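In UniProt numbering, the protein residues as written are 1 to 61.
Backbone N, C-alpha and C define an ideal beta-carbon position, used for all residues, glycine too.
In this text, all values refer to a predicted model and were calculated from it rather than measured experimentally.
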């Protein structure tokens, strides 16, 4: 058994630092992910969250 104060610990100061830097910068310090461009053979496309590798039917006329 540990005393409650020891068991709870304390807030980590480094977490607060990130919020302060974000406030100074005026926006998030981490840029959002850009859409990934896959280098696939012609007639294929890839859905990351879906069916995976898909054959694309060519459009004629």
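Look at the alpha carbon of residue i and the alpha carbon of residue j, and state the distance between them as a whole number of angstroms.
i	j	result
residue 1	residue 7	9 Å
residue 17	residue 42	48 Å
residue 10	residue 21	21 Å
residue 23	residue 40	41 Å
residue 54	residue 4	56 Å
residue 37	residue 59	22 Å
residue 46	residue 28	30 Å
residue 26	residue 35	24 Å
What are the start and end residues of the beta strand (DSSP E) that includes residue i?
i	result
residue 44	44-47
Can you check DSSP and say which residues form a bridge with residue i?
i	result
residue 54	45
Could you check how far apart the C-beta atoms of residue i and residue j are, in whole angstroms? I think they sit under 8 Å.
i	j	result
residue 44	residue 56	6 Å
Along the chain, where does the alpha helix (DSSP H) that runs through residue i open and close?
i	result
residue 8	4-8
residue 15	13-25
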